[in-house]
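In my numbering, the protein residues as written are 1 to 181.
Ideal placement from N, C-alpha and C gives every residue a C-beta, glycine not left out.
See structure below.
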């Protein structure tokens, strides 16, 4: 009689332990109220804030998901700051692609402001692109609205697929001198 009781007792504990098992589709880790600084040689290069992060680096194609958005600040060599804000983000470790969705706003250190519904950033190639509508306000008063673009992350090599806009072009001193003659 005591043997049967012991087996039932073990079986009860085993079922309790099985309830603690993490499903294979669950994230490896969950972070709440993330406030992360990335430094290189003692210098802050990036500052990430997010209310929630799921870490799926245990998957065959590892990624980190920010379902409630993020705020990311990048700092250049002279500590100039650029900011990225999005309602949702997912970062793929293997490819270096970051997929930003929702109200994506990018404010560059030179005052260039980009707004898009979705934006991809290729960290490895330092390239930014989207196929969806966007608008960008450039330094010097120019603007551009369109459907899809490709650009380097400094936005000084910008190619839009279809757009309307205005660009402010300043003449070089040599061009002004030629006009006077």
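Check, Outcome
"Taking residue 41 as the reference, which of 77, 26, 62 and 52 has the closest Cα?", "77"
"Give the straight-line distance between the Cα atoms of residue 37 and residue 45, rounded to the nearest whole angstrom.", "8 Å"
"Once you ignore the five residues that flank residue 170 on each side, which residues in its own chain have a CB closer than 6 Å to its CB?", "none"
"Report the CB separation of residue 82 from residue 107 in whole angstroms; it is logged as a contact under 8 Å.", "7 Å"
"Whole angstroms is fine: what's the gap from residue 1's alpha carbon to residue 54's?", "Note that residue 1 scores 49 on pLDDT, short of 50, meaning its location in the model is unreliable; the coordinates nonetheless yield the value given after this. Distance between the alpha carbons of residue 1 and residue 54: 48 Å."
"For residue 139, which of helix, strand or coil comes out of DSSP?", "helix"
"Using DSSP with H/G/I as helix, E/B as strand and the rest coil, what is residue 133?", "strand"
"Beta carbon of residue 51, beta carbon of residue 32: below 8 Å?", "yes"
"Considering only C-alpha positions, which residue in the set 127, 155 and 148 is nearest to residue 163?", "148"
"Within this structure, are the beta carbons of residue 145 and residue 156 separated by less than 8 Å?", "no"
"Answer with buried or exposed for residue 167, where buried requires no fewer than 16 other C-beta atoms within 10 angstroms of its C-beta.", "exposed"
"To the nearest angstrom, report how far apart residue 87 and residue 49 are at their CA atoms.", "12 Å"
"In chain order, what residues of the same chain have a beta carbon less than 6 Å from the beta carbon of residue 137, not counting five sequence neighbours either side?", "113 and 143"
"By how many angstroms is the C-alpha of residue 74 removed from the C-alpha of residue 101?", "19 Å"
"Are the CB atoms of residue 104 and residue 117 within a distance shorter than 8 Å?", "yes"
"Cutting at 6 Å between CB atoms, please list the residues of its own chain near residue 80, excluding the five before and the five after it.", "109"
"With distances taken between CB atoms, is the gap from residue 91 to residue 85 smaller than 8 Å?", "no"
"Please report how far the alpha carbon of residue 152 lies from the alpha carbon of residue 160, in whole angstroms.", "12 Å"
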